[in-house]
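Remarks on the structure that follows.
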DNA sequence: CTGTGACTTTCAGTCCGTC
DNA sequence: CGACGGACTGAAAGTCACA
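As structure tokens, this is what we get:
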């Protein structure tokens with residue numbers, strides 16, 4: 001039923017499967033670590049609203065940002081790109 | 001003959017382990033696929049010099065760029081972040 | 001075929017908020 | 001606590017000429 005989400009709301013999901021996979025894994029792994037977005041942001045030196053955007057799949061982070069997040073969560077970077085999991 | 005590299009070449013390696021891991025894996029996987037930087041660039045719609053910069057570890061690509069490269073090489077994205085190989 | 005410096009445009013990433 | 005908006009700055013995207 002995936003209704004064709006055509007409404008042009010300001011910020012939209014990025015049209016990249018990998019970005020969406022990353023988003024889901026980030027949310028899952030952050031919760032697993034029992035951290036709020038704010039706490040995680042503090043740990044990796046990124047902005048609270050940026051972490052939020054990453055989890056919602058509307059941000060396209062660089063490798064350096066992925067690395068910061070991975071270190072803060074003590075998880076190997078490649079885990080954020082696992083699909084089946 | 002590695003002449004005494006004292007000249008301050010403005011472009012330097014990015015100070016990120018993950019960027020360097022990505023760089024090495026990209027070069028290795030591209031060669032494994034028997035492609036030139038130019039051919040790979042064409043396949044993923046990126047510039048030849050951009051691929052070059054990625055392999056040399058002086059570019060910090062975003063997830064979307066990683067995805068384009070991974071698809072062009074027919075390799076899961078996570079492979080680019082494997083360490084031990 | 002690839003490395004490199006220089007360059008402009010686009011967007012990653014920050015900081016202020018409100019709901 | 002998290003989704004989301006607007007405005008901003010610096011860094012990534014993307015290109016080129018030449019070694």
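Chains as they are written, first to last, in full-length UniProt numbering: chain G, 1 to 85; chain D, 1 to 85.
Positions of the beta carbon are idealized from the N, C-alpha and C atoms, including for glycine.
The model shown is predicted, which means the values in this text are computed figures rather than measured ones.
Three-state secondary structure (DSSP) at residue i?
i	result
residue 8 of chain G	In this prediction, residue 8 of chain G scores a pLDDT of 38, lower than 50, which makes its location untrustworthy; the coordinate-derived value is nonetheless stated afterwards. The answer is coil: DSSP assigns residue 8 of chain G none of H, G, I, E or B.
residue 70 of chain D	helix
residue 19 of chain D	helix
residue 34 of chain G	coil
residue 55 of chain G	helix
residue 45 of chain D	coil
residue 79 of chain G	helix
residue 29 of chain D	helix
residue 14 of chain G	coil
residue 40 of chain G	helix
Can you tell which of the options has its C-alpha closest to the C-alpha of residue i?
i	options	result
residue 20 of chain D	G:67, G:12, G:80 and G:79	G:67
residue 82 of chain D	D:30, D:47 and D:26	D:26
residue 40 of chain D	D:77, D:80 and D:73	D:73
residue 14 of chain G	G:28, G:35 and G:57	G:57
residue 44 of chain D	D:79, D:70, D:75 and D:77	D:70
residue 46 of chain D	D:32, D:24 and D:65	D:65
residue 23 of chain G	D:80, D:75 and D:63	D:63
residue 38 of chain D	D:32, D:28 and D:52	D:52
Can you have a look at residue i and say buried or exposed, based on whether 16 or more other CB atoms are within 10 angstroms of its CB?
i	result
residue 17 of chain D	exposed
residue 59 of chain D	buried
residue 30 of chain D	buried
residue 55 of chain G	buried
residue 12 of chain G	exposed
residue 36 of chain G	exposed
residue 78 of chain G	buried
Name the one or two DSSP bridge partners that residue i has.
i	result
residue 62 of chain G	D:62
Inset, instruction - Report the residues of the region 33-67 of chain G with a CB closer than 8 Å to any CB of chain D, ordered along the chain. - result: 60, 61, 62, 63, 64, 66 and 67
Inset, instruction - Closer than 9 Å, Cβ to Cβ, to anything on chain G: give me those residues from the region 17-34 of chain D, in chain order. - result: 17, 18, 19, 21 and 22
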